[in-house]
Structure formats: C-alpha cells, structure tokens
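A.B. asks: Take this structure first; my questions come after.
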Amino acid sequence: MQLEVNIALSIVLFVCLTLLAPLLDGIERKIRAKLHSRIGPPSILQTWYDILKLFSKELVLPEGGLLVPLLVGLLYTLALVTLSIIPYGVPNPFTLGLPDILLVLVLVIALQLLWTVSSLASGNPYATIGVFREAGLGLVNEFFLALSLIALALITGSSSFTGLVGFRLTLSYILLLVVLGIACYVASGRIPFDIGEAEPELASGVLVEFSGPVLGLALYAHYLKRLILYAILADLIVLPFANVLGLASIGVFLLVLVVLWIVFAVVSVVLGRSRIDLAPRSLLKIYTPLTIAYSVLGYLGA
Amino acid sequence: MVDFEPSKQDLEEVRAQLTEKLGHIARSVEYVPGAGILVEVPVKRIREAVKIIHNDLDAYLRTVAGVDERPVKGVFSAYYVFGLDSKHVNIIVVAYMDSDKPSIPSVVDIAPSADWYELEMYDLLGIRVEGRRLYRFILPEDWPEGLYPLRKDVAYNIRPEPSLRSREAISGPRIPVGPYHPALHEPEYFELYVEGERVVDVRYNGFHVHRGIEKLGESRFTYQQVPFLAERICGICGFVHSVCYTQAVENAARIDVPERALYIRSLVLEVERLHSHLLWIGVACHLLGYDAGFMHAWRIREKTMVLAELLTGSRKTYGINLVGGVRKDINRDKIGKVLDTVKWVEDEFKKLVEVITSVPQVVKRATGTGILPKHDARAYSVVGPVARASGLNRDVRRDYPYAAYKEVSFKVPVYSEGDNLARLLVRVDEVLESIEIIRQLLDQLPQGPIMAEELEIPEGRIGVSSVEAPRGEDIHFIITGKGRPYRWRVRAPTYQNIPALKVMLKDAPLADAPLTIASIDPCFSCTDRVVVVDARTRKRRIISLRKLSKINCIGCLI
Amino acid sequence: MENRRDNLLEALKAIRRSIWVFHLNTGSCNACDIEILDVLTPYFDVERFGIKPVASPRHADLVLMTGPVTRKTLPKVVNALRAVPRPRLVLAIGACAVGGGIWHDSYSVSGGVEGLKKVLEENGVEIDKLVYVPGCPARPEAIIYGVAVLLGIAKPKVKEEVVEVK
Amino acid sequence: MSLLKPFKLIGIAHRSGVVTVRYPFQPPLVTPEFRGRIRIDASKCIGCGACVNACPSNALTLVDDGERRALNYFIGRCIYCGRCADVCPVGAITISREFELATDNIGDLNSRVIHYKATCSCCGEETTATERMISYVVSRVPVTETYVHMGSRCRKRRFIEGLMMGRGMIYGESER
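Residue numbers (our numbering), protein chains in the order written: chain A, 200 to 501; chain B, 2 to 559; chain C, 4 to 169; chain D, 5 to 180.
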C-alpha cells in the first residue's frame, strides 16, 4: 500500500516538475527584469508561451538532415529519465534500490556530453569552437562534480540517496554541499560560466540550424537540465531532515528548489561573463582547497 | 564670430618653418583663413612634402580629399589635410594632376593612415595611386569598371543594373554555413585570421553602408539642405556632422555666427556626447555578458534622449542646424530642465560606474586586452578616446576650439595603458566632464539672435572644420560652389580608428576580439559580424560576434 | 488566396503572445537601430508584450528591417529574408526602409523596401505581410505601434488624404 | 567585501523602481517640442512650391498634370525636419506631434493638395502659377495686377510690345 501511494505521488511530482521547469524560467525572467528596472514578460508563463509557439511553427530541417532533431529528441528523453529517478524530497521508488547517486551522476554527465555532441553534429562552424571551450571548462567542473558525488557516497556510507535520510550534518558535508552547489551552478550554464556552451551556444549555436518544434524541444530540455541539477542540490539539503519532516519534506524540497533557482538567477544577473582562459583557473582555485578540506574532515569524521 | 583662428605668432612660425623646409619643392605657401596654410606642390614631389610635414613637423594626417576640378581648373587635385595640434593650425598640401590620366604617388609607407584615403580616391574618382596595391574598396564588386561616381560628369542617381554575377550571389549562400547566411544582422564585417584561438591578422570588409552622401551633397542638395543630410551620416553622433559641415561652410565664407547659436550648438553637442557614451558603456557591458550594466546604462541614457528632444524637437537627428546658426532657441524653463536632468544623470551614473567597475569579470577582461601602444597610435593618427587611452593628448575641443568651447574650461582625460579598460575609463571621465561643460555653458549663455543675418557664400573657397565627436575627431573639408558645395569631404572618426584595430587585435585571444572592436566605439551596429579565417588552412568560417563573445543577443537577457 | 489569408491570420494569432524578432540592418544610419535597441531597454521594455530579439532569422517570427537597402547589402538582405520561415512578416522601420529616405535616389541605394520588393519577386522570395513604420528615426513608441498594427491589434490611423482646392 | 560589491546593483534597481512607460496604456514619452508629421492646411496652401524647394528628402513634391497641380506629401520619406513649415509664406504647414503612422498600405502614407492652374488672361492657356498663387500675389502687391494674370510667354510679349510702343515703334512688329 505504502509503495503504491509513493509511486502515485512520485508520478504526480514528476509531471509537476516537468511542467515547472519552464515556469521557473518565467519567474527568473520576471526577477531579472525587476533587477533591470523594467516590467519583463507579461506573466511567468512567458517561457511556456514561447515553447508552445515554437511547437506550432513549421519545422525546417537543417542541412544535416534528421541527425540533429534525433539527437535533440534523445536529449529530451534522457532529461526526462534523469528527472524521473531523482528523489523529490523523499526517496524515489523508481530507482528500484539501485545505487542512485552514481546513476544520477552518470546520467547528468551523459546529459552534458549530449549537449556537446549535438553541438558537433549540427556542423555549425561556431559550435566547433564552443566544443573545445566547453571541454576546457567541463574537464574541471565535471571532474569535481563527479568527485564530490563519489565523496558524498563515501561520507554517508551509502551509494543511494536513501542513505542520506536522517544523516547527521557534519562540517565536511556542508563543505561538500558548497562544492556541489558551485559545480551545479557552473554546469547549468549560467553567467559567468556560460562561455563554452549552455544557453548562448546551444540556444544559438546548435539551435541556429533549425526552427520550430525542434528548437522548442531543445530549449525545454535545457530548462529540464537546469531543474535536475538544482533538484539534486535541494535533495542534499532536504533529505537529511526527511525523517523528521515526513511528507512535508516534499514541500520543503520544492521550496528549496525554487529558492535555489532564484538565488542563482540573481547571482548570474550581477556578474559578467568570464573568459575561457580565466574561468577554469578561477574554478580550480575555489575547488581545490574546498575539496582538500572536506576530504580531510571527512576522513577525520567531522 | 567665426571659428577659431590660430594666433599670429604661431602662424608666422609655422609659415616660416614651412617655407624653410619646403621651399625647394613648394610652388606656393599661403594662409587661407578658415582652412589653414595651403601649400601647393608638384604631384611628383608629394612624397617629399608629406614626409617633411608628417615626420619632421610631427603633424597628424587628418584627411585626404580627391577632387575632380576639371570643370573649373581643368585638373584633378588631391588635398592632404594635416593638423599641427601644438600650433592649432592645419597644413593643407595640394597637388594637381593631369585631367586625362590622373595619378599620384602613394604615401602610405610614410603615413599609414593614408591607406584608406588612397583606396577611396582610386575607387570613387579613378585617380591611380602609384606604388601600392589598389583594389575595389567602397563600391560593390559588381559596379562597372571606369564609372567613378564622384567625378563631375557622372550623375548622382546613376544606377547601373546589378550584374549577373551578383544575381548568382543572391541565389545561393556564398559561404557554406548552411542556412546561416552572411551579413544577416548588420552589414559590415571584419575578417579575423586566426590560428587556433589566436588572432594573427584582421581585414576590414566594410562600406556596406555607403550611401553616396558626398555625391548627393554636391549635386541634389542646397547649402541649407545639406545639414540634414550630414546629420544622417551617423544616427548616433549625427549632430557632430551637421555642426562640422555648417562650420566648414561658415569658415569658408567667413560668416559671422551669433554667439548664442554657438553656445546652443555646444550644448547640444555635449548632450549628444552624454547619450553616446552611455550607449557605449551599456554595449560594452553587454559584450562582457553583464547585461544588468547594459540595462541600467540605457535607463540613465533615456533621460538624455528625452532632454535632446526637449531641446531640439527630435530624439535623434536633431535637425536644428543651418549654415549661419541654429533654428531652435532655448528659454529659462528649458535651462532648468537641462540642469535637473544632468544632475540626476550625474548622480545615477556615478553610482552605476561604481558597481560596474566592481564586477570582477568586467575588470579582468578589460584589463590588458586590446592594447594599442603609443607609437602605433601615433602612426595610425588615431583620434578621440582611443588616442587618449593610449597616451596621446589630443582633443579637438581644446586644440582647435570651435563653437563655444574656448569659453569653457574642462579636463581632457588621458590614460597611458592603451587597453580596453583605459578606453572605458576615458569615456567615464568624459561623461562627467561633459556634465560640467553643460553647466558652464548654461551659466554663461549670452543673449541675442540665433541666426546670422547675412548669408553670402562665394564660390571656390576652401573651408576645413573639425569637431570632437564622442568617437573622436570628425573633419569636414569643403570647396564652395554655386548654391551647393562643389566638393564636400567627410571624414568620420571611426574611419581613422578602424585601421588601428590591426594592432589591437593581433596575437590577442579570439574571445577578446568583440570587446576590442567595440572599444573604439565604431557605430556599434557596424561591428557585429566577423569572418574567421584559419590562417593555416585558409578555411573560412562566418560567425557572428555575438556568438563569439558568447552572447546570445540582446534578446536572451530579457 | 482566401486560404492564404486565413493561414496568415492564424499564424498572427499563434505568435501574439510570443514574438521573436530579427533585426535586419540594410545600411541604415544607426538611428533607427538604436531606437530598436531602446525598445528593449527599461523605458519601453517590449518584453512586456513577449517580444524577444533573436540572433538567427530561422527563429524569427518577425523581421525588423531598417535602412535604404544599399547596393552592397542587397544580395545579403535577400538571403537573410529567404532564411526566414513562412509566414514572412516584415516591419519596415524608418524613412529609409519605407521610402528610401533622404538618399532615395542616390547611386548606391535601392530605395528602401519598395525597391527591394522587385528584387525579391525576381528571386522568388515572398513577403506575407509588410507594415510600414515611418519616422526619422521612428521613435520607440512608433515601433511598438507598428508591431500592434502588424498583429492586427491596432488599426492604422493614417489615411490617404486628397483635398482639391477650387 | 569587494566580492559583494556587485550586489549593490540590487540597491540601484530597488531605488529606481520599475521605470517602464506603459505605452500604449500610458501616454508616450513625448515632449511638447516633438516634431511629428506635418499637416498641410489646404484652405491656406497656395501651391507655390516653396516647401518643395526646401524639403531635403523630397517628401514634398509638385506633380503637374494638365490643368491640375498636386502638392504631394509622402509621409514615408519625410524626415520630420520641419523646414517646410519654416519657409511656407502663408503658414499653411503646421508640425503636428503625431507619430503613430504605421500602416500596411503604403498608399495611406500619401496626402495630396490639388490646385488648379490659372489660365492666361491673354491667350487662355494654362500658366505656371496656380489660381491661389495669383490671388495671393494680388492681395500683397496690387500694382502687378495687369501682368499677373498672364502666362510667361504672353507676359514677355506684352512687355516688349509696351517697350516698343513707348519708343514709337509700330504695334505688331515684335512678333518677328
């Protein structure tokens, strides 16, 4: 009985979150507009309107033929799959007891790689430059993202998010959260780290090649990717308290997710764009000491 | 009151120097009020003359005007206008050429900034410049050979049918980048030759916006209509051009412009500078991915646009200049509004600049990029904020005072680093100086008429006038004619600055290219597109600057 | 014919809430272009109508065209317009684009959108709806009004006036 | 903390608030000085063409069509400089503040004032002047009345005739 309720709840949440992703972008646009002293889109539904309009437009196939639309389709599906197995404030029944931290890690990295691959496949001259730039930044960022998630499994002693429930917060865990927070921020392609890819490149680099529904789908996948990254962060914050909160932890999870998105949006508004030779270096400068710190603390059990 | 005159002592000194050094080649040396010291040399000896004036006297090449003077004097002529900033005087070297086969030796190895002028003489007037490579520069590729629009026997509205070749160009994309066509956004582009991410050379492929303005001014328009045409040379600093044109005519015809009109011109020029610099700062922020800076700079700028409309009747292309004065007076009510607005702008701007210069990415990416060393700046005769950021202390408002600028005091900001940050800081300082100038102008505003009573413009006079545009020195050269200018030569500031980009972009990372190109403040819409050519494989890729700089386009920031 | 008009009306309806515009400069003096930028910035902020500029004509619902179409840009303008998916909606902004402007008969321009239309016809590029926005430069409000006219939200106010004097 | 300094932007945005002008739901940002399209008062216009000569962009043109002469104003080409209003001798042109001129029919952007040309009082052919122009000249300078109603050819002939008569030559010899 418990499992069935859980599954039903998870399905409802999954559907809500897929619908929420463009909505959160709409909220972000409203906030950004406020910080620019202007009104902004007529409602927070604007991103939805954009996507729906794109679906109503004709599809002009790029010169590369069906390859790019297929890749975008794959990308979108992969994003949905990833979203379906992450916990929503409570452990997710769809993981079927698999080591879901590692599963999510693999899927997120696959998602990032697929963006890059679609870049190459589009044959857009610009994308080639972008891919190399992204490789430079991604090498640093995804390495630390992976490292942190693996360290997380080691610290909590479980390779599943379930192991986080009731976990007593330690200093090393908090430092780990900071690293993951930055890594997710960078991976979501926000200023100042959108140099290599993400929105500017993929929204105009790959997407420049086609129009209509495929463009809409790619944009949608992009927002989903963002949502997934922030949801993982929100989980890490909320799950340790899940046993105390009970079902309310779902509400807290959603709240934390929205707040994270908004905070990240504000940060990206007040900063400028970095450069390919500067960004990895400054990231290394932040990551290395933090990683050493949480490793040592974690080893000592603090 | 006519434009600024150099002092008698300076004049005598320069004339003595010229006679001494050029005595053996010059046919005549005379002072033409309103233009400068006119030196006539035989066409074969132009190189010697340019060498002496440019290198020994340390004068800047301001412009070169080729003229078809066959109907009047039976010759083609070339006027080289040099500026001797320290003595506040122009030296104009003129050489006359044979009317059948006009040709002149190239001086580009002596004065690199002559490059474009020579190409232009060849392209528009059919004057062969010996000793250098000549190629089609301004006119489209399918323009018929041997048809030179600036010659007097060619009609201004001639429209040869576009050739089949260009029709083919229409029917298929020339560079195979799929549906992404060249020149979609703005019609000018730079070709950057790169090795990996390093820029090794730059070629400018421009003049897509060539609209035949000089020819129109010499044929369809009348003296009092040209100011409106001049204003539309550039939609951002158009008033500069109309002031420069009217001054050139007034200088040539020795027209007395009432003082109040001069003050109003200066006032509107400064308001225009405010809007232009704020615009530039916004665009620079945008190029650095700092869109909040862009939005807030434009929020502040909007007030100056409303102010411009209040003063002139239009947000842009003000249309209040005429030869002999201005059309619109200001009253006490308007003065009050101007003062309120500049106060507000000053406060808001200071706050914004404090924030912009604290954004780490903005500072990091502007520091040490796009460096233009002083000696290169000198060789290319760069102007405006670009020159001042490279340690050249040049400002037309001080060196060749015009309008009401000799009545006000102001600082000329000079930085020696020559990088993008220096150019940003020069403009920031200039905004604050402009506000100060506006206050002084309004404080001293004299009473009286705003239009000269007598307007007689004799034929065959020469007039030179320069105005410090937000982008640098704008210079107009005029030979008066019947009812309209006989020759009207316009040299916009960007014209002088773009060749220097070669130096600024060389060996720099590709990612800095957009900011560096924008840092000379070319009418920014003209800088939007680059062609990247791999120097090793010669493969061409067209990418938009926006993408290069990872900017999705202004759209994505809202 | 009837069918096409219906399609157009439907397409206009579909983009009413979300209009992606592509800015096509055909050799203008920049005054109209900075006014176009101006409508994106805080004071006029067209994002409140769901208008958003895009970098590729492939994504565009509407083309904002400025400038008199100089001879050198002509082939490129045709290419750009060809890349815009149907229905092609064009807003000709400013005196240059509408009527050739102050240099309408100069040797190096083709006299704005009217001259361009002929070339487009010869090359088989159709424009489905064209709205003229006069002004030199067209002020930001005029551009906003032009978009409203294009979408059919506002009726054109200006009418041909012929007065005979006896 | 210099790292936090960029966040001061939030303060700036908060202080300035939303500045957007909600045109078309709010009045536009137009100052009283704004120059919009011109209006030609047909009841005053005399069809002299002074505005046509002053117009830099040829937005105003005179089109002769037999006995009619049209003063054509093409808004699409107008640069709103207002020079026509400056030079109009009868003050028929006023500058309005209208800027909402967008239309999908380029014909809407034309406006025309059609004048009729005067006929020569002597030979009955059309003169180069409009009837309005003649009455304007007559009202201003009454003495010219005899010549003003003639076409230029007749006027020249009559003048030479007058000259010859004055010198005692025989009438009619002037016609070669």
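Beta carbons are placed, not taken as given, at the ideal position from N, Cα and C, and that holds for glycine.
Determine the direct distance from the alpha carbon of G104/C to that of L113/D, and round the result to whole angstroms.
C.D. replies: 14 Å
A.B. asks: Quick check on the DSSP output: the alpha helix (DSSP H) that includes G473/B runs from which residue to which?
C.D. replies: G473/B -> not in any alpha helix (DSSP H); beta strand (DSSP E) instead, spanning G473 to T481.
A.B. asks: Report buried or exposed for Q226/B, applying the criterion of at least 16 other Cβ atoms within 10 angstroms of its Cβ.
C.D. replies: It is buried - the Cβ of Q226/B has at least 16 other Cβ atoms within 10 Å.
A.B. asks: Verify whether the separation of the beta carbon atoms of T107/D and V152/C is less than 8 Å.
C.D. replies: yes
A.B. asks: Per DSSP, what kind of secondary structure is R116/D in: helix, strand or coil?
C.D. replies: Reduced to three states, the DSSP call for R116/D is strand.
A.B. asks: Please list the partners that R300/B has in chain D, where partner means a Cβ-to-Cβ separation under 8 Å.
C.D. replies: S20 and V23
A.B. asks: Output the distance between the C-alpha atoms of L368/A and H235/A, rounded to the nearest integer angstrom.
C.D. replies: 38 Å
A.B. asks: Consult DSSP for L62/B and reduce its assignment to one of helix, strand or coil.
C.D. replies: strand
A.B. asks: Indicate whether at least one CB of chain D lies closer than 8 Å to the CB of T538/B.
C.D. replies: Here T538/B scores only 44 on pLDDT, less than 50, and its place in the model is too uncertain to base an answer on.
A.B. asks: Using the Cβ count rule (16 or more neighbours within 10 Å means buried), how would you classify K160/D?
C.D. replies: exposed
A.B. asks: Whose CA, out of P290/A, Y384/A and Y422/A, lies closest to the CA of F360/A?
C.D. replies: P290/A
A.B. asks: Quick one: Cα of Y498/A to Cα of L374/A, how far?
C.D. replies: So the alpha carbons of these two residues sit roughly 13 Å apart.
A.B. asks: Sort out for me which residues DSSP pairs M98/B with in a bridge.
C.D. replies: F77/B
A.B. asks: Select from L7/D, G40/D, K121/D and F29/D the residue whose C-alpha is nearest the C-alpha of S100/D.
C.D. replies: In this structure, G40/D is the residue among L7/D, G40/D, K121/D and F29/D with its C-alpha nearest to the C-alpha of S100/D.
A.B. asks: In the DSSP output, what is S467/B paired with across the bridge?
C.D. replies: I476/B
A.B. asks: For A122/D, return the contacting residues in chain C, with the cut-off set at a CB-CB distance below 7 Å.
C.D. replies: Result: empty, since nearest Cβ-Cβ is about 12 Å, beyond 7 Å.
A.B. asks: L443/B CB to nearest chain D CB: under 8 Å?
C.D. replies: no
A.B. asks: Taking all protein chains shown into account, do 16 or more other C-beta atoms lie within 10 angstroms of the C-beta of P515/B, making it buried, or fewer, making it exposed?
C.D. replies: buried
A.B. asks: At a CB-CB cut-off below 7 Å, which residues of chain B make contact with Y84/D?
C.D. replies: Residues of chain B passing the Cβ test: S315.
A.B. asks: Of the choices T24/D, L33/D, I50/D and T35/D, whose alpha-carbon is the least far from that of T135/D?
C.D. replies: In the sequence under discussion, the amino acid at residue 135/D is Glu, which differs from the Thr named in the question. Comparing Cα positions, the closest option is I50/D.
A.B. asks: Express the C-alpha separation of V280/A and A423/B in angstroms, rounding to a whole number.
C.D. replies: 51 Å
A.B. asks: Which residue comes first and which comes last in the alpha helix (DSSP H) that contains W117/B?
C.D. replies: D116 to E121
A.B. asks: One question on the structure: do A79/B and A96/B come within less than 8 Å of each other, judged by their Cβ atoms?
C.D. replies: yes
A.B. asks: Would you check if the segment 488-508 of chain B and the segment 60-78 of chain B touch, i.e. whether three or more CB-CB distances between them fall below 8 Å?
C.D. replies: The segment 60-78 of chain B vs the segment 488-508 of chain B: in contact.
A.B. asks: CB-CB under 7 Å to P399/A, same chain, minus the five flanking residues each way: which ones, in chain order?
C.D. replies: In this predicted model, P399/A has a pLDDT of only 39, less than 50, meaning its place in the structure is not dependable enough to derive any value.
A.B. asks: Quick one: residues in its chain with C-beta nearer than 7 Å to the C-beta of L85/B, no 5 flanking neighbours on either side, listed in chain order?
C.D. replies: V15, L58, A60 and I92
A.B. asks: Just to confirm, is the Cβ distance from A501/B to D475/B under 8 Å?
C.D. replies: no
A.B. asks: Grouping DSSP H, G and I as helix and E and B as strand, with all else coil, what is W314/A?
C.D. replies: helix
A.B. asks: Apart from the five residues on each side of it in sequence, which residues of its chain come closer than 6 Å, Cβ to Cβ, to E70/B?
C.D. replies: V76 and S78
A.B. asks: Would you say E273/B and V250/B are within 8 Å of each other, going by their C-beta atoms?
C.D. replies: no
A.B. asks: How should P72/B be labelled, buried or exposed, when 16 other C-beta atoms within 10 angstroms of its C-beta is the threshold for buried?
C.D. replies: exposed
A.B. asks: Using the C-alpha atoms, what's the distance from F83/B back to N56/B?
C.D. replies: Straight-line Cα distance between these residues: approximately 11 Å.
A.B. asks: Please report the straight-line C-alpha distance between P488/A and Y372/A, rounded to a whole angstrom.
C.D. replies: 15 Å
A.B. asks: Do you know how far the Cα of C245/B is from the Cα of I214/B?
C.D. replies: 15 Å
A.B. asks: Establish whether the CB of V94/D and some CB of chain C are separated by less than 8 Å.
C.D. replies: Closer than 8 Å: no.
A.B. asks: Output yes if chain C places a C-beta closer than 8 Å to the C-beta of I238/A; else output no.
C.D. replies: The Cβ of I238/A sits closer than 8 Å to at least one Cβ of chain C.
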